[in-house]
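One structure below.
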Amino acid sequence: MKPQYACGSSEHQIARRSFMGGLFAGFGAAASGIGFQSQQAMADQLKKKQKQILVIFLSGGASQLETWDPKPGTDTGGPFLTIPTSVPGTHISELLPHTAKQMHRLSLVRSINTKENGHGKGAYAMQHGRRQEPAASYPHLGALSSKLLAPEKSALPGYIQITPGGGGSRRDDAAYLGAKYSSIVLGGGKPPNDTLRPKELSEVADMQRNAFRRQANARFLQKRRTAATEAYTYSYEQAVGLMERRDVFDVTKEPKKDQERYGTHDFGRHCLLARRLLENGVTFVQVSHSNYDTHHENFDFHIEQLGEFDQPFAALVNDLAERGRLQDTLVVVMAEFGRTPRINHKYGRDHWGTAWSVALGGAGIQPGAVIGKTNKNGTAVTDREVDHRHLFHTYLQAVGVDSADSLDVGGRPLPLANPTAEPIEELLA
Amino acid sequence: MSAPEKPQSEKKETAAPAATPAAPAQGAVQADPLKTHEAKKLKHTSPVISCRYDPTGKYVFFGAQDFRVWRWEISTDKKAELTGHRSWVRALAFDPKGAALVTGGYEGDLIWWNATAEKPTPQRTIVGHKGWVRAVAISPDGSLLASVGNDNLVKLWNMADGKLVREMAGHDSHVYNTVFHPDGKQLASGDLKGNLIHWEVETGKEVRKVTLKDLHKYDTGFRADIGGFRGMGFSPDGKLLACGGMTKVTNAFAGVGLPLVVLVDWEAGKEKIQHLTKGITQACIWNTAIHRQKFTIAASGGNNGKHLHFWKHDQKEPFHQLVLANTARDMDLSPDELHIVTAHFDSHVRIYKMAAKA
Chain A
1 MKPQYACGSS EHQIARRSFM GGLFAGFGAA ASGIGFQSQQ AMADQLKKKQ
51 KQILVIFLSG GASQLETWDP KPGTDTGGPF LTIPTSVPGT HISELLPHTA
101 KQMHRLSLVR SINTKENGHG KGAYAMQHGR RQEPAASYPH LGALSSKLLA
151 PEKSALPGYI QITPGGGGSR RDDAAYLGAK YSSIVLGGGK PPNDTLRPKE
201 LSEVADMQRN AFRRQANARF LQKRRTAATE AYTYSYEQAV GLMERRDVFD
251 VTKEPKKDQE RYGTHDFGRH CLLARRLLEN GVTFVQVSHS NYDTHHENFD
301 FHIEQLGEFD QPFAALVNDL AERGRLQDTL VVVMAEFGRT PRINHKYGRD
351 HWGTAWSVAL GGAGIQPGAV IGKTNKNGTA VTDREVDHRH LFHTYLQAVG
401 VDSADSLDVG GRPLPLANPT AEPIEELLA
Chain B
1001 MSAPEKPQSE KKETAAPAAT PAAPAQGAVQ ADPLKTHEAK KLKHTSPVIS
1051 CRYDPTGKYV FFGAQDFRVW RWEISTDKKA ELTGHRSWVR ALAFDPKGAA
1101 LVTGGYEGDL IWWNATAEKP TPQRTIVGHK GWVRAVAISP DGSLLASVGN
1151 DNLVKLWNMA DGKLVREMAG HDSHVYNTVF HPDGKQLASG DLKGNLIHWE
1201 VETGKEVRKV TLKDLHKYDT GFRADIGGFR GMGFSPDGKL LACGGMTKVT
1251 NAFAGVGLPL VVLVDWEAGK EKIQHLTKGI TQACIWNTAI HRQKFTIAAS
1301 GGNNGKHLHF WKHDQKEPFH QLVLANTARD MDLSPDELHI VTAHFDSHVR
1351 IYKMAAKA
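Protein chains in written order, with the working numbering: chain A, 1 to 429; chain B, 1001 to 1358.
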């Protein structure tokens, strides 16, 4: 849904930033026609704007049996054993020895049933809190977080994705919130494209060009301001901001000992980059780890992939806690689905949305909890079945957002989360 | 004057004495691969993942997904359960006399068993490796055990007392397999990334390292390594080493790739020939052996591989392929070299005879 502005209408709600001048003078989300249902809600949201979210996305669908909900010694359990964690009574897979020591900071939801076994649809559901629908488009959790939580003035984007490969880009994942809240993708963890000023252009000349651009824009916009011009202008201003803050994307600027601790492989560097971005105020960071779609030789490949995941993830959780940031940062480890309990003829596991797990912690999440259960073989949920809708509600609540609230989009109230579900209350601190 | 022989009815059953390996005698029946057929099978209760003949040929020992090792007495179909491991077992080896079996599990343990007892029990359990034990081998004189695993190490142990003789580091990835040279003085080990190391047994010295690059691939799409020496076996004269695995992988996570056996000229230390299969595009070689009649045998398993393959040593393509009843996960050649035992996902152990049906 594209943003619908009602230019000159008394329905405009002017955001605080439009009075504060600066780089974004005259521009603002509120003039977009998207606002909150009440002034109280707006004020409350302003208070919550220092919360952040980190999502680790295990692309392809990591096996819950090889991570958070192992079933050793059973016909579905596979060859791995379990290890105790820092939470008495909670065991996870032996493939996560470092993460096991951080479990007192995390919780597990072992009873997810999204009924979704497709990569695309599963990923959509888990990241948008709703199933994909042909006639509707919903914002990604990151876009929503950027909209609701990002500081008024930030040269950095509110929503960044770090992917293992590919080039940098901007994804169309903000739906009705507008392009301003869509993700900036750092492909391979590299800085956004074209953030270096060309050598032929001096700093003074660059400043003069930008000043002239703003002057010309301001004159044009006096009478011809639309959503499109706003997005266009915003992207230029954001680009200027990004260039000034380019160093934020350079993980080699982190201490050497941290680079070693996180590891020099891609995922390690991306986790360290995530820490850097969060510490520099980026509201939502998602790091994807590839790949877990292990239809063939599931066990060998989980040794390899979790061998990469375990240490940097544990380091990241530990660092967030020790630096006093975990109380304000929601951490979620998710995938598009889990993997079948049944081991196929190639020692593989296939797609499985029926009984699987997510790990999460920080912000308003109660640490050390285990929510829900599966049966002996992991073939069904036996207690507290939840799905992507409940999880999405829970994420929002954990960062101080009333997940039952709605956004006014062109006069229509659009719920932040699927109203047919509710948060997992027992998970909230 | 000798004591009278006891009447038949009074003779007691005694445990079979440890026999010398039933090596094929001169004039033994020749194997005819073209006539290979299923001769016998055992239905187990869990998918089978490994299988080995004992040196007498009387038993097959196999590992299954039920975390057990089992002994199948072929002539009677009696089964005995060997309980002791906490995870899967794909590593099995016998001392040449056949009395002792050593197994290695994915929990990292090595267990010695009294293989021919009525009810085999663990005689010794030690921590062998950190992570999976992937293969074990026993020297021809029965004095040493070699084990390899996911800690990237090759270890030599004293068979008599289980003490570590030597730890050899030289691989930089999971070590998949190991075999002793028939002369007992040399050891070969192979890892995930296609590296084959030749070790001097007495000193542990790395004599040479050869990379069989076609047995490894880094899948850039899924960002993972696939490969490894799934099967290894020397020719009886020690001149050739067969190394089985998977090649030309285009999708590691779906198992799309070609089964491959690389035949290595051991003296020269380089590839002699690559044995490929016909018409199989999504499978892996799970084990391989070189027959005394100078042909290579391998078993494949995967999406469209469930075959026994036979090659002459100078052939790229097999002279014979036999479709098995189900995808194979291991194979072993019998001491008489007339039979092949295979382990299957459908919970069966099958014996194939390389001769015409009676």
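Idealized CB from N, CA, C, for every residue including glycine.
When C-beta atoms of the region 1287-1300 of chain B are compared with those of the region 1239-1250 of chain B, three or more pairs fall below 8 angstroms, so the two segments count as touching. Boundaries of the alpha helix (DSSP H) harbouring residue 207(A): 203-221, taken from the DSSP string.
Close to residue 1224(B), with beta-carbon spacing below 8 angstroms, are these residues of chain A in chain order: 291, 301, 304 and 305. For the region 132-176 of chain A, the continuous beta strand (DSSP E) assignments of 3+ residues that do not extend past its boundaries occur at 159-163, in sequence order. Residue 278(A) places its beta carbon less than 9 angstroms from that of residue 325(A). Burial of residue 1306(B) is indicated by the presence of at least 16 other C-beta atoms within 10 angstroms of its C-beta. The residue among 243(A), 51(A), 429(A) and 163(A) with its C-alpha nearest the C-alpha of residue 273(A) is 163(A). Annotation: the continuous alpha helix (DSSP H) that includes residue 97(A) extends over 97-100. Residue 1108(B) places its beta carbon 9 angstroms or farther from that of residue 1170(B). For residue 1037(B), same chain residues with a beta-carbon under 7 angstroms away, outside a window of 5 residues either side, are 1352, 1353 and 1357 in chain order. For residue 1186(B), the enclosing beta strand (DSSP E) stretches over residues 1186-1191.
The shortest C-alpha to C-alpha distance from residue 316(A) to any of 361(A), 399(A), 116(A) and 187(A) is the one to 361(A). For residue 184(A), there are no neighbours in chain B by C-beta distance under 7 angstroms, as the nearest C-beta there is about 22 angstroms away. With fewer than 16 other beta carbons inside 10 angstroms of its own, residue 208(A) counts as exposed.
Taking 8 angstroms as the upper bound for CB-CB distance, residue 287(A) and residue 56(A) are in contact here, some 5 angstroms apart. In the three-state reduction of the DSSP assignment, residue 1158(B) falls in the strand class.
By the Cβ rule, the region 234-252 of chain A does not count as touching the region 288-295 of chain A, because fewer than three pairs are nearer than 8 angstroms. With its beta carbon at least 9 angstroms from every one in chain A, residue 1070(B) lies outside the interface. Taking 9 angstroms as the threshold, the shortest C-beta distance from residue 1107(B) to chain A falls below it. In this structure, the alpha-carbon of residue 395(A) lies about 15 angstroms from that of residue 357(A). Straight-line spacing of the CA atoms in residue 102(A) and residue 330(A) works out to 15 angstroms. Burial state of residue 265(A) is exposed, judged by a 10 Å Cβ sphere holding fewer than 16 other Cβ atoms. From the beta-carbon of residue 1088(B), the residues of chain A found nearer than 7 angstroms are 79. Here residue 59(A) carries a strand assignment [DSSP, helix/strand/coil].
About 3 angstroms separates the beta carbon of residue 146(A) from that of residue 158(A), a gap short enough to meet the 8 angstroms contact definition.
Think of a sphere of 7 angstroms around the beta carbon of residue 1039(B): no beta carbon from chain A falls inside it, the nearest being about 23 angstroms out.
Chain A places no beta carbon closer than 9 angstroms to that of residue 1277(B), leaving this residue out of the contacts. DSSP places residue 325(A) outside both helix and strand once states are collapsed to three, so it counts as coil. Close to residue 1254(B), with beta-carbon spacing below 9 angstroms, are these residues of chain A in chain order: 293, 295, 296, 346 and 348. Closest option to residue 267(A), judged by alpha-carbon separation, among 116(A), 282(A), 257(A) and 311(A): 311(A).
Here the C-alpha atom of residue 1251(B) lies approximately 30 angstroms from the C-alpha atom of residue 1314(B).
Ranked by Cα distance from residue 51(A), the options 408(A), 280(A) and 425(A) are led by 280(A). The C-alpha of residue 1138(B) lies about 12 angstroms from the C-alpha of residue 1201(B). In the displayed model, residue 1166(B) falls within a strand according to three-state DSSP. For residue 1063(B) and residue 1084(B), the gap between their C-alpha atoms comes out near 12 angstroms. Within the region 280-330 of chain A, the alpha helix (DSSP H) runs of at least 4 residues that lie entirely inside it are, in chain order, 298-322.
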